[in-house]
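Protein chains in written order, with the numbering used here: chain L, 2 to 229; chain E, 326 to 550; chain Z, 5 to 250. Working notes for the structure below.
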Amino acid sequence: MAGIWQELPRFLTWYNGIFLLNALLNTLLLSIIGCLAGGTIGLSLAIIRCARGRAMAVPRAFAWAFTEFFRRLPPLVVLMLAFFGASVARVDLTLFQVALIGLCLIATASLAEIVRGGIVSVHPNQWDSAAALNFGYLRCVLTVILPQAWRVIIPPAISFMLLFIKDTAFASQLGTLELTYAGKVLTTKGFSAALSYGTVLLLYFALSYALAGLGRRLETSIGIPADR
Amino acid sequence: MGYTLQYGQVYHYIPYLLGGAWISLQIAFLCFCGGIAIGMLNAVALAFGNRLAAGVARAYVTFFTNTPGLVQIYFIYYALPDLHIVLDSVHAVVLGITLNAGGYLALILRSGFLSVPVNEIDAGVTLGMTRLMLLRYVIVPHMIGVLYPAIGNKFILMVLGTAVAGVFGVEDLMGRTINANAESFRSIELLSITAAIYVAMTICATIALSGVGMALLRRRVRFAG
Amino acid sequence: MAFLQIADLSATYGRSPVLSGVSLAVEKGEVLSLIGPSGSGKSTLLRVLIGLLPPQAGSVTLAGQRVDYAVPAALRALRGRCAIVFQQYNLFQNMTVLNNVMVAPLKIKRRPRPEVEEEARALLGKVGLSAKLHAHPSELSGGQQQRVAIARALAVKPELLLLDEVTSALDPELVQEVLDIIRLLAQEHMTMIAVSHEMGFVREIATKVALMSEGTVVEIGTPAEIFDAPRSERARAFISKIIRAH
Chain L
2 MAGIWQELPR
12 FLTWYNGIFL
22 LNALLNTLLL
32 SIIGCLAGGT
42 IGLSLAIIRC
52 ARGRAMAVPR
62 AFAWAFTEFF
72 RRLPPLVVLM
82 LAFFGASVAR
92 VDLTLFQVAL
102 IGLCLIATAS
112 LAEIVRGGIV
122 SVHPNQWDSA
132 AALNFGYLRC
142 VLTVILPQAW
152 RVIIPPAISF
162 MLLFIKDTAF
172 ASQLGTLELT
182 YAGKVLTTKG
192 FSAALSYGTV
202 LLLYFALSYA
212 LAGLGRRLET
222 SIGIPADR
Chain E
326 MGYTLQYGQV
336 YHYIPYLLGG
346 AWISLQIAFL
356 CFCGGIAIGM
366 LNAVALAFGN
376 RLAAGVARAY
386 VTFFTNTPGL
396 VQIYFIYYAL
406 PDLHIVLDSV
416 HAVVLGITLN
426 AGGYLALILR
436 SGFLSVPVNE
446 IDAGVTLGMT
456 RLMLLRYVIV
466 PHMIGVLYPA
476 IGNKFILMVL
486 GTAVAGVFGV
496 EDLMGRTINA
506 NAESFRSIEL
516 LSITAAIYVA
526 MTICATIALS
536 GVGMALLRRR
546 VRFAG
Chain Z
5 MAFLQIADLS
15 ATYGRSPVLS
25 GVSLAVEKGE
35 VLSLIGPSGS
45 GKSTLLRVLI
55 GLLPPQAGSV
65 TLAGQRVDYA
75 VPAALRALRG
85 RCAIVFQQYN
95 LFQNMTVLNN
105 VMVAPLKIKR
115 RPRPEVEEEA
125 RALLGKVGLS
135 AKLHAHPSEL
145 SGGQQQRVAI
155 ARALAVKPEL
165 LLLDEVTSAL
175 DPELVQEVLD
185 IIRLLAQEHM
195 TMIAVSHEMG
205 FVREIATKVA
215 LMSEGTVVEI
225 GTPAEIFDAP
235 RSERARAFIS
245 KIIRAH
């Protein structure tokens, strides 16, 4: 352990600071963009999946298959599929973009399932009364069902987003520069693994802990008792 | 230039990959059992412990649930040797997943401890049950009912979580996929087979857990997994 | 002295008083109905009687013996002679119908299983649930669950049965099946204290009606006295309100 104190002056340089900050920013970007895109597409998929009627049969089957497939894969498999898929399709994307696509697929599938759970949790008589008022499907979902479903959706959605931050670590396996990859780079520069990965762990902790606190405040502010 | 899928070149990897899936399941089960033990200790400390015990458990849970499992294993595998604790990759991975699961399972178990069937306890009390009888006939069965779906879901997630082992060269399904890919370069074909196996594994786990739940709780249990 | 004598009973929930100076007497075989606006302390009185909420002051005397709610042995003895049916049924969700009914005589009174099972089957037959012995509570309708709860209470062979708004959580079409059983119990001269909002029913089976308001008994009498010729102003107001509502 004494070794760490000896390397610390060499480690705490301006350059390393900028390098880690940049990596932290990338992790944050991957998390935020992944959640936003995943949330939007996931919401749409969930709405499609809950639609009735024969006209919607094909989109419904697609939404179902997409959700069930990507929800049941390890993050690393999805990321590798995105990576090799992009190279096979010969699309010119940066590693960051490839990782982002993979992460969006993961977030989309999980958030679609969470939203669907919320929609299903609303009492069926709400659909009936909206139908009796001559509401169309989309209007019913947007003005009657979702406003009631939020309380069921938000707690697991926040839990998922917090887990998702940690899933972005797998982007390092594609060579995307984010926190975990930064840790690997630091060790190859000769810093000890304890110091490199210890620093990375601390930075993840700070990010996740701060966002968890934010999530709890959001939950209490919309009247959901925080018990985590 | 199109890319043609050539599954013919990867069919012979299927038994090899299935063997990897079996190893993945073994890792998941082992880590799950260890995680339950650690989670139980932490949950008891969180719910009923004195200030010191609760503080230690809270620190444990907060650390392990707020950092990525992947980096935790990097630390165990690469940094612990500096402290003369040298683990081979399988042991480092199993230890890492177990410690990580212990944090999440502690939260699940604690929520079970804190959920009390107030109405049923009232009924038990008025029928003259002692504290021990309440525990045995009312509280513990209720807790199992509350915890079973959550813990089952965690197990399904852990089956997927074992893929991290592949990063460290363990011969689980992920690791064997990486090996096969390095040999054949048929990445998309191999990954699609691997994906199908993971999907099949989680579906089987869901069905098995629902079946056990039916027998155990006499009611339908829904698993998100 | 009456079979059940309640004198000057008071209780508090947290800081707010919920019962203040309740006095009542119930003879063996009587059916006392507690009526009154919500929040008047009817259900609280039952919870205090069965020992779920400790009384602050006053006394309860059952069959000539004063109940000391602070002594576990006395509570056990009380609950051996007195049973309650809850508004929300409170069945044990993890046990079958038959086990819900058998658990108290079997595990608490430690009576032999064949005898207990025979009685439990008979009781469930009496409430019309012979076909549901091995069902779980979640598979039953509200009315069926409430009938199981009544059978469970009867299984301890109580001398006094407390009924806490047993029909108010039920759908209207299920109310009658539960009331039929209580009517049957009344005909068998079971001593009961029932909190109820079914005024027609109260009139039919109650031998005595007590009107409660703000944690105390305002007026007590036969159903005819209370419903047709209420003496106090508060009773008149309450009765006219419920008559208009029905």
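For each residue, glycine too, the CB sits at the ideal point set by N, CA and C. Only a predicted model underlies this, so the values are computations on that prediction, with no experimental measurement involved.
**Message:** On the DSSP bridge list, what partners appear for K3(Z)?
**Reply:** With chain Z covering only 5 through 250, there is no way to say anything about residue 3(Z).
**Prompt:** How would you list, in chain order, the residues of chain A whose beta-carbon sits under 8 Å from the beta-carbon of Q92(Z)?
**Reply:** The question asks about chain A, but that chain is absent: this structure's protein chains are L, E and Z.
**Message:** Can you check which of these residues, I48(L), R11(L), V116(L), F70(L), is closest to A525(E) by C-alpha distance?
**Reply:** F70(L)
**Asked** Whose CA, out of S47(Z), A67(Z), E34(Z), lies closest to the CA of F7(Z)?
**Response** A67(Z)
**Prompt:** If T171(Z) and E202(Z) are in contact, beta carbons under 8 Å, what's the gap, nearest whole angstrom?
**Reply:** 6 Å
**Message:** If you measure between the beta carbons of L158(Z) and M196(Z), is that distance less than 7 Å?
**Reply:** no
**Message:** Just to confirm the assignment: which complete alpha helix (DSSP H) runs, minimum length 4, are found wholly within the stretch 62 to 104 of chain Z?
**Reply:** 76 to 85
**Prompt:** Mind checking if Y16(L) is an interface residue toward chain E, Cβ cutoff 7 Å exclusive?
**Reply:** no
**Secondary structure of Q149(Z), DSSP reduced to three states** = helix
**Prompt:** CB G219(Z) to CB V22(Z), shorter than 7 Å?
**Reply:** yes
**Asked** Buried or exposed: which applies to W128(L), given that a residue is buried once 16 or more other Cβ atoms fall within 10 Å of its Cβ?
**Response** buried
**Identity of the residue in L56(Z), A126(Z), S24(Z), E208(Z) nearest A190(Z) by Cα** = E208(Z)
**Beta-carbon proximity check, S32(L) vs I154(L), cutoff 7 Å** = no
**Request:** Flag this pair as yes or no: are the beta carbons of I243(Z) and P234(Z) separated by less than 7 Å?
**Result:** yes
**Request:** Check whether the Cβ atoms of D168(Z) and L50(Z) sit closer than 7 Å, and answer yes or no.
**Result:** yes
**Request:** Could you tell me the distance, in whole angstroms, from the CA atom of E181(Z) to the CA atom of K161(Z)?
**Result:** 22 Å
**Item:** Sequence-distant residues of its chain with Cβ nearer than 7 Å to R117(Z) (five each side left out)
**Value:** L110
**Message:** Against chain E, which members of the stretch 48 to 74 of chain Z pass a CB distance test of less than 8 Å?
**Reply:** I54, G55, L56
**Asked** Given that a residue counts as buried once 16 or more other Cβ atoms are within 10 Å of its Cβ, and exposed if not, what is I19(L)?
**Response** exposed
**Request:** Taking A83(L) and L178(L) to be in contact with their CB atoms under 8 Å, please state how far apart those CB atoms are, rounded to whole angstroms.
**Result:** With a Cβ gap of about 17 Å, A83(L) and L178(L) do not count as contacting.
**Request:** Using a Cβ cut-off of 8 Å, pull out every chain Z residue sitting near L350(E), in sequence order please.
**Result:** Residues of chain Z passing the Cβ test: none, with the nearest at roughly 30 Å.
**Message:** DSSP three-state label for Y17(Z), please.
**Reply:** strand
**Item:** Among P125(L), S193(L), L106(L), the one whose alpha carbon lies nearest that of G43(L)
**Value:** L106(L)
**Asked** Any idea if E114(L) is buried or exposed, counting beta-carbon neighbours within 10 angstroms, 16 or more meaning buried?
**Response** buried
**Prompt:** For L196(L), which of A448(E), I481(E), L408(E), A362(E) has the nearest alpha-carbon?
**Reply:** L408(E)
**Prompt:** Hey, how far is the Cα of I352(E) from the Cα of A87(Z)?
**Reply:** 52 Å
**Item:** Between the CA atoms of L395(E) and A170(L) - distance to the nearest angstrom
**Value:** 7 Å
**Request:** Please confirm if K190(L) has its CB atom under 7 Å from at least one CB of chain E.
**Result:** no
**Request:** Measuring only between beta-carbons, confirm whether R83(Z) sits less than 7 Å from chain E.
**Result:** yes
**Prompt:** Hey, how far is the Cα of G4(L) from the Cα of F206(L)?
**Reply:** 23 Å
**Asked** Could you give the distance in angstroms between the alpha-carbon of T160(L) and the alpha-carbon of R61(L)?
**Response** Inspection of the sequence shows that residue 160(L) is occupied by Ser rather than by Thr. S160(L) and R61(L): Cα-Cα distance of roughly 26 Å.
**Item:** Beta carbon proximity, T329(E) to chain L, threshold 7 Å
**Value:** no
**Prompt:** So, is N375(E) buried or exposed, given that buried needs 16 or more other C-beta atoms within 10 angstroms?
**Reply:** exposed
**Request:** Could you tell me which residues DSSP pairs with L165(Z) in its beta bridges?
**Result:** A87(Z), M196(Z)
**Request:** Within 10 angstroms of the Cβ of A540(E), are there 16 or more other Cβ atoms? Answer buried if so, exposed if not.
**Result:** exposed
**Straight-line Cα distance separating I433(E) from V369(E)** = 12 Å
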